[in-house]
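Colleague: Take this structure first; my questions come after.
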Amino acid sequence: MSASAFFFNKQGDGIALNGLKGFLQKEALSRFRFALSLFAFFAGFGLLLGDPSQNGLHDPSWIRILHVILIFISFVCSFWIGGFRNISEYLLLFHFGLMSLHSFYLLYTNGLYLGYLFGMILVSLSAGVAFSNRRLLIPYLLVFLSVAVFVGTYCKDPKIEVGMYYFGIFSSAILAVLVLGFRLQAFDNLVKADAQLEKFQANIEEELRLAQSTQKSLVDLEFPESGTFRIHSYFRPLVSVGGDLIKSEIGKDGKLNFFFADAAGHGISAAMVSAMAVMAFKMTAPKTDSPAGALSMIHESLKTMIGGFFITAVYLRLDPETKEVVYSYAGHHPAVLIEADGNVTPMEGKGTVLLALPKLSNRDYRKNLRAGDRILLFSDGLFEFFAENRQFFGYDSFLDLVRKHTSLRGDKMLQAVGENVASVRKSAMLDDMTMLLIEVV
Numbered sequence: 001m002s003a004s005a006f007f008f009n010k011q012g013d014g015i016a017l018n019g020l021k022g023f024l025q026k027e028a029l030s031r032f033r034f035a036l037s038l039f040a041f042f043a044g045f046g047l048l049l050g051d052p053s054q055n056g057l058h059d060p061s062w063i064r065i066l067h068v069i070l071i072f073i074s075f076v077c078s079f080w081i082g083g084f085r086n087i088s089e090y091l092l093l094f095h096f097g098l099m100s101l102h103s104f105y106l107l108y109t110n111g112l113y114l115g116y117l118f119g120m121i122l123v124s125l126s127a128g129v130a131f132s133n134r135r136l137l138i139p140y141l142l143v144f145l146s147v148a149v150f151v152g153t154y155c156k157d158p159k160i161e162v163g164m165y166y167f168g169i170f171s172s173a174i175l176a177v178l179v180l181g182f183r184l185q186a187f188d189n190l191v192k193a194d195a196q197l198e199k200f201q202a203n204i205e206e207e208l209r210l211a212q213s214t215q216k217s218l219v220d221l222e223f224p225e226s227g228t229f230r231i232h233s234y235f236r237p238l239v240s241v242g243g244d245l246i247k248s249e250i251g252k253d254g255k256l257n258f259f260f261a262d263a264a265g266h267g268i269s270a271a272m273v274s275a276m277a278v279m280a281f282k283m284t285a286p287k288t289d290s291p292a293g294a295l296s297m298i299h300e301s302l303k304t305m306i307g308g309f310f311i312t313a314v315y316l317r318l319d320p321e322t323k324e325v326v327y328s329y330a331g332h333h334p335a336v337l338i339e340a341d342g343n344v345t346p347m348e349g350k351g352t353v354l355l356a357l358p359k360l361s362n363r364d365y366r367k368n369l370r371a372g373d374r375i376l377l378f379s380d381g382l383f384e385f386f387a388e389n390r391q392f393f394g395y396d397s398f399l400d401l402v403r404k405h406t407s408l409r410g411d412k413m414l415q416a417v418g419e420n421v422a423s424v425r426k427s428a429m430l431d432d433m434t435m436l437l438i439e440v441v
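The opening position of the sequence shown corresponds to residue 1 in full-length UniProt numbering, with each subsequent residue numbered one higher.
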């Protein structure tokens, strides 16, 4: 792809500017307007000086007025006509040709007057800045130089040396070609770099898509059937990849094991850490006698393989026969007990974050549940954000929000809480929102 090949996406009558392509489009229109502004200055400057004939110069004002009007029309059209960039190069060629004819006419009739020669040199130099297509510039310059030779040969009574005139004209034309060459080379390098960047971005997006698919598989949406418990989950992922996970497993003793965790950070690395934590949970859940012991085994199995990451987690074990829950924390914020009468209280406990220290320090906690009780586990994405007036929402505010929805059950409650959180959030979503609700029948 050459730098002179510009691409555009139309949206209605306008043009959608995207990335480097949009930048090149804007840059091309800016050069077009710059060239017209320069021409307007050249054409209009003579009108401000009064009658040139008083200084012995032939410079009809009507030509300048007509030229300024044409320039003004083209300048306005560049703002109001959709897809104008597609014809701007040819319109530039028209104006360069018109300005060149005007300047050569003045040079011829005024004996190569030095002031008009300087204007002609600036017109020629500006061609290298204004054009982005060699196939238009080179033929223009060839015609330009041919006319320049004709004017220099047949000019009567030249006021400067003809050699100086030729030097100024030819050197400015050569510089115009060099300027265009340098610009196009820079554009080509930009376009090549942009193509490589797009390819790299496409690869990253594909990897993120796969990572997102992997992460979704880490959050259980269906759970083992139990006559004692009804289990529901809610998962609203961040646009990028996070580290939230919910996994369940039935132990050999028939008890239900739940692993609710959040790997620090975002991206593919966080998803990989979460996937490894799930594998460790699947291996340890059937073998351990307690949640604290299971967290210790997960910690020991991962610490030799993962560095620079940590995981907060809650491990629960439910007994369908006795309705007892045994749980242990690994640096996670407290889960919530919603009692049958609607009372909402944090479930006591604390423990060391997984992988943060060489040894894990945590313990088991026990709670006897009654029919109608519910346990709610949730990730920090549901309360670590800014609400109205840049006030931090926080854990306690989330509990107040949960209290407003205790009359709802199951998925309806989780959906209501999730929507309510989304409505009060005023900052950008920076983390997954994940919840697990366990109801005692």
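Glycine included, every Cβ here is placed at the ideal spot set by N, Cα and C. Everything numeric in this text was worked out from a predicted model, so none of it was measured.
Over the uninterrupted beta strand (DSSP E) stretch that includes residue 366, give me the two end residues.
Modeller: First-last of the beta strand (DSSP E) with residue 366: 365-368.
Colleague: Taking only three categories from DSSP, how would you classify residue 2?
Modeller: Any reading at residue 2 needs caution, since the residue's pLDDT is 31, under 50, leaving its predicted position unreliable; the model's value is listed next. Residue 2 falls in the coil class under three-state DSSP.
Colleague: Return the first residue and the last residue of the alpha helix (DSSP H) that residue 498 is part of.
Modeller: Outside the shown range of the chain (1 to 441) lies residue 498, about which nothing can therefore be said.
Colleague: For the stretch 326-343 and the stretch 371-378, state whether three or more C-beta atom pairs, one from each stretch, are separated by less than 8 Å.
Modeller: Result yes; three or more Cβ-Cβ pairs closer than 8 Å.
Colleague: Go to residue 352, then tell me how far its alpha helix (DSSP H) extends in each direction, as first and last residue.
Modeller: No alpha helix (DSSP H) holds residue 352; DSSP gives it neither H nor E.
Colleague: In terms of alpha-carbon separation, which member of 275, 364, 186 lies closest to residue 220?
Modeller: When each option's Cα is compared against that of residue 220, the closest is 275.
Colleague: In this structure, how does DSSP classify residue 31 when only helix, strand and coil are distinguished?
Modeller: Residue 31 falls in the helix class under three-state DSSP.
Colleague: Where does the unbroken alpha helix (DSSP H) through residue 386 begin, and where does it stop?
Modeller: First-last for residue 386: undefined, no H or E at that position.
Colleague: Using only alpha-carbon positions, find the residue among 170, 324, 431 that is nearest to residue 438.
Modeller: Cα-wise, what sits closest to residue 438 is 324.
Colleague: Confirm, please, whether the CB-CB distance from residue 99 to residue 39 is below 8 Å.
Modeller: Yes, these two residues count as a Cβ contact at 8 Å.
Colleague: Nearest to residue 31 by CA position, among 103, 67, 128, 118, is which residue?
Modeller: It is 128 whose Cα lies nearest to the Cα of residue 31.
Colleague: Which partner residues of residue 336 appear in the DSSP bridge assignment?
Modeller: The partner list for residue 336 (beta bridge, DSSP) reads 346, 376.
Colleague: Taking the Cβ atom as the reference point for each residue, do residue 125 and residue 117 lie within a distance shorter than 8 Å?
Modeller: Taking 8 Å as the Cβ cut-off, residue 125 and residue 117 do not qualify as a contacting pair.
Colleague: To the nearest angstrom, how far is the alpha carbon of residue 3 from that of residue 192?
Modeller: Annotation note: pLDDT 33 at residue 3 (below 50); position unreliable, no value reported.
Colleague: When burial is assigned at 16 or more other CB atoms within 10 Å of the CB, is residue 196 buried or exposed?
Modeller: Looking at its Cβ environment, which holds fewer than 16 other Cβ atoms inside 10 Å, residue 196 is exposed.
Colleague: Whole angstroms are fine: how far does the CA of residue 190 sit from the CA of residue 349?
Modeller: Computed Cα separation, rounded: 57 Å.
Colleague: What residue range does the beta strand (DSSP E) around residue 253 cover?
Modeller: Careful: residue 253 lies outside any beta strand (DSSP E) and carries neither H nor E.
Colleague: Using alpha carbons as the reference points, say which of 218, 255, 256, 300 lies closest to residue 270.
Modeller: Nearest of 218, 255, 256, 300 to residue 270, Cα basis: 218.
Colleague: Would you kindly check if the distance between the Cβ of residue 354 and the Cβ of residue 387 is under 8 Å?
Modeller: In this structure, residue 354 does not lie closer than 8 Å to residue 387 by Cβ.
Colleague: With C-beta atoms as the reference, is residue 166 less than 8 Å away from residue 152?
Modeller: In contact: residue 166 and residue 152 (Cβ atoms closer than 8 Å).
Colleague: Give every residue of the same chain whose Cβ lies closer than 7 Å to the Cβ of residue 13, excluding the five residues on either side of it in the sequence, and list them in chain order.
Modeller: Legend: pLDDT at residue 13 = 34, less than 50; position of this residue unreliable, no value from coordinates given.
Colleague: Count the other CB atoms, across all protein chains shown, that sit within 10 Å of the CB of residue 422; report buried if there are 16 or more and exposed otherwise.
Modeller: Exposed, since its Cβ has fewer than 16 Cβ neighbours within 10 Å.
Colleague: Pair every Cβ in the stretch 86-98 with every Cβ in the stretch 53-65, then say whether three or more of these pairs are closer than 8 Å.
Modeller: No, the stretch 86-98 is not in contact with the stretch 53-65.
Colleague: Less than 8 Å between the C-beta atoms of residue 284 and residue 294, yes or no?
Modeller: The answer is yes: Cβ separation under 8 Å.
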